[in-house]
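In my numbering, the protein residues as written are 41 to 637.
Don't be surprised by glycine CBs; every beta carbon is placed ideally from N, CA and C.
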Amino acid sequence: MRPLAFRILDYKSIKESGICNLSEDRITALAGQNEAGKTSILTALRDFDLDDGADTATPDYLPDQNAESANPFIGVKFAVDSAELDRILGTQEIPPEAKAKLLKDEFVWVWRSPKAKLFTLEAPLTKLWPTAKPANDLKTSDTATDETPIVEPTYISVRKFAALIRTYSPHFTYFDTFKDELPREISIQAIVTATSDQLRDLAFKGLPLTVRDFLTLAKIDMNHVSKIAADDRILGNYLKEKAANISGHFLDYWKQRNSEETVTLRAQHNRKANGELFLSFYVHDGVDQYPDQRSRGFLWFLSFFLRLTSAEVEARDIPSLILIDEPGTYLHSKAQKDVLALLENWIVKTHWVLYSTHSPYLLPASDLHRVKIVVKQGGKGTFIADRLTDPRIKSSGFSDALSPVLTSIGIDLNESFNLIKKKNVLVEGISDYYYLHAWDKLLGLSALNEISVFPGTSASTVPTLASLLIGWGTQFCALLDRDGPGNNAAKKLREDMSVNPDCIIQITGGIAVEDLFSCEDFGKLLKNYDDTLAPDLSSTPTKMMNKLNIDKVLLARSFSAAVNNKKLLVEQLTEETKKKVNALFAEIVESLSKQPI
Numbered sequence: 041m042r043p044l045a046f047r048i049l050d051y052k053s054i055k056e057s058g059i060c061n062l063s064e065d066r067i068t069a070l071a072g073q074n075e076a077g078k079t080s081i082l083t084a085l086r087d088f089d090l091d092d093g094a095d096t097a098t099p100d101y102l103p104d105q106n107a108e109s110a111n112p113f114i115g116v117k118f119a120v121d122s123a124e125l126d127r128i129l130g131t132q133e134i135p136p137e138a139k140a141k142l143l144k145d146e147f148v149w150v151w152r153s154p155k156a157k158l159f160t161l162e163a164p165l166t167k168l169w170p171t172a173k174p175a176n177d178l179k180t181s182d183t184a185t186d187e188t189p190i191v192e193p194t195y196i197s198v199r200k201f202a203a204l205i206r207t208y209s210p211h212f213t214y215f216d217t218f219k220d221e222l223p224r225e226i227s228i229q230a231i232v233t234a235t236s237d238q239l240r241d242l243a244f245k246g247l248p249l250t251v252r253d254f255l256t257l258a259k260i261d262m263n264h265v266s267k268i269a270a271d272d273r274i275l276g277n278y279l280k281e282k283a284a285n286i287s288g289h290f291l292d293y294w295k296q297r298n299s300e301e302t303v304t305l306r307a308q309h310n311r312k313a314n315g316e317l318f319l320s321f322y323v324h325d326g327v328d329q330y331p332d333q334r335s336r337g338f339l340w341f342l343s344f345f346l347r348l349t350s351a352e353v354e355a356r357d358i359p360s361l362i363l364i365d366e367p368g369t370y371l372h373s374k375a376q377k378d379v380l381a382l383l384e385n386w387i388v389k390t391h392w393v394l395y396s397t398h399s400p401y402l403l404p405a406s407d408l409h410r411v412k413i414v415v416k417q418g419g420k421g422t423f424i425a426d427r428l429t430d431p432r433i434k435s436s437g438f439s440d441a442l443s444p445v446l447t448s449i450g451i452d453l454n455e456s457f458n459l460i461k462k463k464n465v466l467v468e469g470i471s472d473y474y475y476l477h478a479w480d481k482l483l484g485l486s487a488l489n490e491i492s493v494f495p496g497t498s499a500s501t502v503p504t505l506a507s508l509l510i511g512w513g514t515q516f517c518a519l520l521d522r523d524g525p526g527n528n529a530a531k532k533l534r535e536d537m538s539v540n541p542d543c544i545i546q547i548t549g550g551i552a553v554e555d556l557f558s559c560e561d562f563g564k565l566l567k568n569y570d571d572t573l574a575p576d577l578s579s580t581p582t583k584m585m586n587k588l589n590i591d592k593v594l595l596a597r598s599f600s601a602a603v604n605n606k607k608l609l610v611e612q613l614t615e616e617t618k619k620k621v622n623a624l625f626a627e628i629v630e631s632l633s634k635q636p637i
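Now the structure itself:
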């Protein structure tokens with residue numbers, strides 16, 4: 041059963057989280073301020089996935105205020121279809137009205153009360169269960185008489201049905217730290233003793249988590265190790281062969297090594313003077329080193345890799361919703377990208393992932409649909425902004441809530457930015473950069489193959505950029521808005537810096553680049569960005585944007601992503617938009633052609 045969304049009530053700092061939809065591409069990121077409640081969200085979901093009657097894993101789950109009167113609930117929405125419903129019920133039954141509603145809705149909300157330690161369903165569905173034993177007018181046969189006993193169906197209870205759904209839904213696997221490190225060595229007898237009393241195939245009692253994970257991934261059979269323990273050659277070959285199972289996968293995701301360096305993970309046995317046999321762990325890249333002799337970043341990534349991939353092996357064909365609190369905390373930017381690659385290219389092929397982060401490198405600008413903003417709002421507690429356009433995160437008190445997202449966009453721009461070109465266009469900001477590149481690609485103009493777009497941080501920074509390009513002796517023109525800051529920048533370029541007026545372009549027929557869209561096209565752009573918006577198509581694009589309090593950069597990035605992902609085709613634009621955009625590019629090309637090379 042696919043998890044679709046969740047909602048949390050009266051749990052720690054959360055009074056009402058609101059509904060948080062999980063991303064359709066199986067990766068959802070929680071971003072936001074420090075102490076906003078991101079960890080509380082993850083622990084709440086961990087406390088959802090427990091057996092009936094089980095205590096919560098979080099002892100202090102009640103709110104700090106009004107703890108006695110608080111009524112905490114954790115709800116998860118699951119997709120459901122006819123086949124899944126039949127699989128869950130087996131030979132049991134639920135009321136026909138309830139079954140019809142489930143099949144019509146194609147989803148079900150399951151709630152868990154940490155206080156009652158029980159599962160239940162959403163109220164509208166619960167009400168479809170009869171309060172008394174259901175009557176049935178059907179007789180056992182066509183020839184039945186009034187004395188024939190009435191056959192009355194017995195429906196499974198609401199709570200039992202809710203618990204059944206949880207049983208058939210994905211496991212929720214919570215990771216709050218990857219600080220455990222592989223030890224240098226561990227007694228083989230201790231491993232054998234720990235694994236001799238197994239609760240299930242891969243449950244190792246009393247062993248360090250990283251050792252458990254290593255043995256699981258390497259598929260080392262400790263019973264077999266015990267049998268061949270007396271023969272050093274056979275045992276050594278066996279351990280070498282098994283460790284290779286891990287190294288091959290690990291190298292696919294650890295990209296920090298030099299091109300000529302080959303990192304492998306090794307497990308070797310050694311005997312002490314008293315004859316006791318130990319299992320030693322090494323990292324090999326020309327020489328053997330103990331794990332703790334490597335960098336902190338390497339150790340973190342190794343622990344992360346072992347834990348997640350062993351969890352996948354343990355679950356076998358049963359998918360999980362993997363909950364990760366602050367992955368990559370100790371890693372630099374490139375290693376954080378490796379973490380994301382591990383999730384995207386391996387883990388989400390089977391599982392779902394929900395993680396919290398402050399890092400812009402784990403919030404890729406190409407996938408901002410994954411990002412949910414977590415905010416703590418004074419006496420109202422923690423809530424989740426399910427969309428980046430949520431008006432609650434636009435207030436001054438939460439001005440930094442979007443900062444990692446906007447930083448991610450800046451990083452994305454920086455990585456695609458090409459500084460060295462003979463012809464350049466100076467623009468006021470990142471949004472102009474995205475629109476020009478997206479239009480160039482969408483309309484097939486190819487004008488920017490030879491022209492670099494330089495974004496400033498405001499209109500006032502354009503003259504500074506212009507002075508640099510003048511000093512470098514490169515061709516440029518400046519594209520400015522037709523508003524107060526844009527007019528001031530244009531005046532400074534003309535009068536204070538003696539820049540040729542032909543090199544200064546201001547938007548024609550509007551205020552900013554957004555006004556190059558027809559009202560119809562811009563309305564579609566806004567709806568694609570956030571389908572809850574209600575734009576006034578009788579207004580201009582800039583007025584629509586200002587009235588709806590739209591973030592310019594996020595909107596432009598959304599448009600760029602739609603073009604790059606081919607979700608928006610040139611045929612979908614009106615002729616008015618195409619005419620205005622073509623005219624702007626023609627003006628840019630003409631302006632640059634008039635300047636000496």
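Residue 502 sits away from residue 477, with the two beta carbons spaced by 9 Å or more. When C-alpha distances from residue 564 are compared across 401, 584, 545, 43, the shortest belongs to 584. Taking a C-beta distance under 9 Å as the contact criterion, residue 128 and residue 51 do not qualify as a contact pair. Taking residue 361 as reference, the option from 274, 369, 414, 392 with the minimal CA-CA separation is 392. Residue range 67 to 72 is occupied by the beta strand (DSSP E) that includes residue 72.
If you look at residue 533, you'll find it isn't in any beta strand (DSSP E); DSSP assigns it neither H nor E.
The segment 531 to 550 and the segment 602 to 612 do not touch, with fewer than three beta-carbon pairs separated by less than 8 Å. If you compare the alpha carbons of 417, 522, 569 with that of residue 467, the shortest gap goes to 522. Bounds of the alpha helix (DSSP H) holding residue 473 are 470 to 482.
Counting along the chain, residue 396 sits inside the beta strand (DSSP E) bounded by residues 392 to 396.
The criterion of a C-beta distance shorter than 9 Å is not satisfied by residue 443 and residue 404. Bridge partners of residue 340 according to DSSP: none are assigned. If you draw a 10 Å sphere on the C-beta of residue 484, you find fewer than 16 other C-beta atoms in it, and that means exposed. In this chain, residue 593 is not harboured by any beta strand (DSSP E); it is covered by the alpha helix (DSSP H) spanning 592 to 604. Distance from the Cα of residue 202 is smallest, within the candidate group 133, 595, 217, for 133. The distance from the Cβ of residue 67 to that of residue 383 is about 6 Å, consistent with a contact at the 8 Å cut-off.
If you look at residue 557, you'll find it isn't in any alpha helix (DSSP H); DSSP assigns it neither H nor E. The closest CA to that of residue 249, considering only 265, 266, 231, 262, is found on 231. Between residue 399 and residue 368, the CB-CB gap stays under 9 Å. Pairing residue 534 with residue 510, the inter-Cα distance amounts to about 14 Å. Measuring C-alpha to C-alpha distances from residue 430 to each of 76, 589, 83 identifies 589 as the nearest. Taking the Cα positions, residue 138 is about 27 Å away from residue 57. In this structure, the straight-line span from the alpha carbon of residue 153 to that of residue 200 is close to 14 Å.
Note on geometry: alpha-carbon atoms of residue 265 and residue 254 lie some 15 Å from one another. In this structure, residue 43 lies near residue 210, with their beta-carbon atoms less than 9 Å apart. With contacts defined by Cβ atoms closer than 9 Å, residue 206 and residue 150 form a contacting pair. Here the C-alpha atom of residue 445 lies approximately 26 Å from the C-alpha atom of residue 338.
Per DSSP, residue 268 is one residue of the alpha helix (DSSP H) stretching across 262 to 268.
Here the alpha carbon of residue 98 sits roughly 20 Å from the alpha carbon of residue 70.
Assigned with DSSP and collapsed to three states, residue 409 falls in helix.
The DSSP-derived three-state label of residue 612 is helix. Straight-line measurement puts the Cα of residue 426 at about 39 Å from the Cα of residue 131. DSSP places residue 149 in the uninterrupted beta strand (DSSP E) bounded by 147 to 153. Between residue 409 and residue 271, the alpha-carbon positions lie close to 56 Å from each other. Between the segment 276 to 288 and the segment 304 to 317, the count of C-beta pairs closer than 8 Å reaches three or more; the two stretches touch. When 599, 204, 359, 527 are compared, the shortest CA-CA separation from residue 91 is found for 204.
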